[in-house]
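Everything below concerns the one structure shown next.
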Amino acid sequence: MADKESYGGQSKNMKYYSTNKQVKDKSFKEVLFEGLASDGGLYMPESFPVISEEFLKELPNKSFTEIALEISKLFINEIPESELKKIVENAFSKDAFLAENGGSDLGFAGGFPTPLVKLNDKLYVEELWHGPTLAFKDFGARFMSRAMGYFLKQSGQELKIIVATSGDTGSAVAAGFYNVPNIKVYILYPSGKVSDLQEKQLTTFGGNITAIEVNGVFDDCQKLAKQILGDKELNGKGEFSSANSINFGRLLPQMFYYFFGYASLAKNGLKNIVFCVPSGNFGNLTAGLMAKKIGLPIKKFIAATNINDVVPEYLHTGIYRPRPSQKTMSNSMDVGNPSNFARMIDLYENNAKLMAKDVVGISVTEEETASIIKSVYEENGYLLDTHSAVAIKAAQESKISEAIISLSTAHPVKFKDAIEPIIGKKIEIPEKLKETLSKEKRAILIDNKLEELKKALKEN
Ligand SMILES: *Cc1c(COP(=O)(O)O)cnc(C)c1O
């Protein structure tokens with residue numbers, strides 16, 4: 020049963036359970052630091068407090084951070100409201116961030132707006148990529164890092180985060196944790212195997228972020244990171260953690276932009292709004308389902324995938340058939356066994372028919388992706404990245420007659436190698452990135468050996 024919370028109230032006793040049902044009664048703090056539950060399941064809140072009518076009515080007059088604060092209060096009862104306010108402002112408002120960092124924007128130049136761009140009367144794009152790494156994963160990373168920072172400051176403890184990356188995840192984590200007190204981050208990346216831009220995004224932070232360049236491939240980095248996490252000598256007391264992508268602390272802040280996008284359209288009198296979500300591991304979509312669950316009246320969702328279509332297939336057939344992923348130009352969505360599917364079936368009691376009432380699954384081919392990028396560019400003068408393009412194509416295919424907000428998850432420049440040949444033009448590099456590209460790379464080069472990594476960790 021959902022316990023009703025009045026607007027302005029904070030959850031008194033929110034607990035979390037694991038989707039594998041062997042673990043329950045966990046606090047937000049425990050969930051935040053554990054990431055994955057010990058039974059291998061994913062954490063979910065025991066109840067979904069419902070937002071008030073009053074909050075919904077006032078939504079169009081609220082700022083992003085005001086919305087963020089109201090929603091976080093429903094799920095977090097261990098952080099006082101005044102501190103939660105600081106966390107969301109520092110994560111999502113430019114002014115608060117500048118103030119806290121002595122006027123230096125530290126790669127956070129644009130602030131974090133989520134503007135709505137109108138393609139036509141029925142179709143809107145909500146741009147979620149105005150954060151420091153130009154992709155929507157910044158949302159989750161920024162909120163999670165600041166929430167962790169709050170608890171660590173309370174206890175005076177230090178946490179070391181070790182992540183292996185093939186490119187993009189590492190930069191979102193580095194940017195998210197940059198300058199967060201009590202946290203040190205070590206990023207392991209394969210030497211010569213990431214793009215120049217990605218390498219600069221990983222290696223130019225300095226401060227509490229240390230980049231370690233490994234003579235090896237991504238799997239070697241992954242293996243080294245796991246060895247450190249399991250190492251008795253180095254990690255006997257659990258000082259090391261991974262910035263797990265299935266962390267509930269990353270999901271929660273993704274609810275905010277559903278509310279904000281909805282409010283932007285509701286302001287113009289539009290109702291029955293549908294969200295279209297370009298999906299890979301389905302964290303983004305799951306956050307939307309939770310937003311609906313706590314009372315945002317979203318009419319329907321479109322789960323848009325590239326040819327990696329296990330979820331659309333499940334919605335059509337009721338059978339879940341995980342399989343190895345296929346490579347596409349929307350490669351952040353190349354997932355053959357989406358981690359958040361466990362949360363989705365938990366929300367719908369393992370009933371595909373029930374889920375299909377809320378979610379329409381549509382899969383898009385490579386040819387369709389290329390052709391929609393070209394036509395939207397030529398007809399609307401709007402450039403989509405490869406992931407956002409999958410969603411726009413799915414929105415069109417859906418034949419849904421209500422207004423659709425299609426989520427845009429990355430700036431096109433991040434995938435320019437795929438996009439430039441499609442539109443036959445060069446994509447201009449934004450100022451923010453030019454600045455990053457002009458900075459000096461700083462990384463510790465090691466061979467693919469545990470002993471070398473241990474030495475680097477001890478010295479840095
Ligand atoms: C991660 C990612 C996605 C997929 O998001 P999920 O939450 O994993 O479904 C889509 N687009 C881009 C650009 C991404 O980086």
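Residues in the sequence shown are numbered from 20 upward in steps of one, following the working numbering.
Backbone N, C-alpha and C define an ideal beta-carbon position, used for all residues, glycine too.
Can you list, in chain order, the residues of its chain with a C-beta nearer than 6 Å to that of residue i? Leave out the 5 residues immediately preceding and following it.
i: Gly314; result: Val69 and Ile70
i: Ser425; result: Val144, Cys295, Ala410, Ile411 and Ala414
i: Ala306; result: Leu270, Gln273 and Met274
i: Ile391; result: Ala408, Ile411 and Lys412
i: Lys473; result: none
i: Asp404; result: Ala429, Pro431 and Phe434
i: Ala183; result: Leu207, Cys240, Gln241 and Ala244
Kindly indicate which residue of the options has the alpha-carbon position closest to the one of residue i.
i: Glu232; options: Lys212, Ala462, Leu216 and Phe111; result: Ala462
i: Val50; options: Ser210, Leu142, Phe320 and Leu271; result: Leu271
i: Gly60; options: Phe47, Thr38 and Asn266; result: Thr38
i: Gly225; options: Gly280, Ile338, Asn198 and Leu93; result: Asn198
i: Gly195; options: Ala154, Gly211, Gly288 and Gln173; result: Ala154
i: Lys40; options: Glu65, Asn32 and Met33; result: Glu65
i: Ile202; options: Leu216, Pro99, Lys172 and Thr184; result: Lys172
i: Thr428; options: Thr347, Asn139 and Gly299; result: Gly299
i: Val395; options: Ile90, Val136, Met167 and Val378; result: Val136
i: Phe170; options: Gly211, Glu102, Leu289 and Gly235; result: Glu102
i: Leu248; options: Val192, Leu178 and Ala285; result: Leu178
i: Arg161; options: Asn266, Ser185, Phe360 and Asp365; result: Asn266
i: Gly268; options: Gly54, Met33 and Tyr36; result: Gly54
i: Gln176; options: Thr222, Phe259 and Ser344; result: Phe259
i: Lys319; options: Lys418, Gly255 and Asn327; result: Lys418
i: Asp377; options: Ser358, Ala310, Glu385 and Ile442; result: Ala310
i: Leu216; options: Thr455, Glu478 and Asp466; result: Thr455
i: Leu88; options: Ala282, Pro200, Gln29 and Ala285; result: Gln29
May I ask you to report which of helix, strand or coil DSSP gives residue i?
i: Gly129; result: In this predicted model, Gly129 has a pLDDT of only 42, less than 50, meaning its place in the structure is not dependable enough to derive any value.
i: Ala224; result: At residue 224 the sequence reads Phe, which differs from the Ala that was named. Coil.
i: Ala462; result: coil
i: Glu24; result: Residue confidence is low: Glu24 scores 41 on pLDDT, short of 50, so the model does not pin down where it sits. No coordinate-derived value is stated.
i: Ile86; result: helix
i: Met167; result: helix
i: Asn109; result: helix
i: Leu380; result: With the sequence shown as reference, residue 380 is identified as Gly, and Leu is not the correct amino acid for it. DSSP places Gly380 in strand when its eight states are reduced to three.
i: Ser427; result: strand
i: Tyr205; result: strand
i: Ser457; result: helix
i: Asn234; result: strand
i: Val69; result: strand
i: Leu304; result: helix
i: Met348; result: coil
i: Thr152; result: coil
Measure how close the beta-carbons of residue i and residue j come, nearest whole angstrom, since I'm counting them as under 8 Å.
i: Thr388; j: Ser349; result: 7 Å
i: Leu207; j: Ala244; result: 6 Å
i: Gln273; j: Phe158; result: 6 Å
i: Ile292; j: Glu421; result: 7 Å
i: Lys43; j: Lys219; result: The Cβ separation is near 44 Å, so there is no contact.
i: Lys302; j: Val329; result: A quick correction: the sequence has Gly, not Lys, at residue 302. No, Gly302 and Val329 are not in contact; Cβ-Cβ is about 15 Å, not under 8 Å.
i: Tyr35; j: Lys48; result: Tyr35 to Lys48, Cβ: 10 Å. No contact.
i: Leu476; j: Tyr205; result: 6 Å
Between which two residues does the alpha helix (DSSP H) harbouring residue i extend?
i: Val330; result: Val329 to Thr336
i: Tyr276; result: Phe275 to Ala285
i: Ala262; result: Counting along the chain, Ala262 falls outside any alpha helix (DSSP H), and DSSP gives it neither H nor E.
i: Ile391; result: Glu385 to Asn399
i: Glu53; result: Phe47 to Glu53
i: Ser448; result: The amino acid occupying residue 448 in the given sequence is Ile; Ser does not appear at that position. Per DSSP, Ile448 belongs to no alpha helix (DSSP H) and is neither H nor E.
i: Val354; result: Per DSSP, Val354 belongs to no alpha helix (DSSP H) and is neither H nor E.
Please confirm whether any heavy atom of ligand 2 lies closer than 7 Å to the CB of residue i.
i: Ser283; result: The model depicted lacks ligand 2 and carries ligand 1 instead.
For residue i, which residues of its own chain have a beta-carbon under 8 Å away from its beta-carbon, when the five flanking residues on both sides are left out?
i: Thr133; result: Phe83, Glu145, Glu146, Leu147, His149, Tyr276, Phe279 and Gly280
i: Ile446; result: Leu402, Pro431, Val432, Lys435, Ile438 and Glu439
Hey, could you find the ends of the beta strand (DSSP E) residue i is sitting in?
i: Leu135; result: Leu135 to Asn139
i: Phe7; result: Residue 7 is absent from the structure shown; the chain starts at 20 and stops at 479.
i: Lys319; result: Lys319 to Thr324
i: Tyr143; result: Leu142 to Glu146
i: Ser37; result: Tyr35 to Ser37
i: Met363; result: Unbroken run through Met363 is the alpha helix (DSSP H), Phe360 to Leu366; no beta strand (DSSP E).
i: Leu178; result: Leu178 to Ala183
i: Val296; result: Val293 to Pro297
i: Tyr197; result: Where Tyr197 is concerned, there is no enclosing beta strand (DSSP E), given that its DSSP letter is neither H nor E.
i: Pro64; result: Tyr62 to Pro64
Please work out which residues of its chain come closer than 7 Å, Cβ to Cβ, to residue i, disregarding the five sequence neighbours upstream and downstream, and give them in chain order.
i: Lys31; result: Asn96
i: Gly129; result: Low per-residue confidence applies at Gly129: pLDDT is 42, beneath 50, and the placement is therefore not dependable, though the value from the model is reported in the following sentence. Excluding residues within five positions, the ones whose Cβ falls inside 7 Å are His149 and Lys451.
i: Ala21; result: Low confidence applies to Ala21: its pLDDT is 39, below 50, so where it sits in the model is not reliable, and the reading given next is rough at best. Closer than 7 Å at the Cβ level, and outside the excluded window around Ala21, lie Ser66, Phe67, Pro68 and Val69.
i: Lys365; result: Sequence inspection shows Asp at residue 365; the Lys mentioned does not correspond to that position. The answer, listed in chain order, is Thr38 and Met63.
i: Arg340; result: Val329 and Glu332
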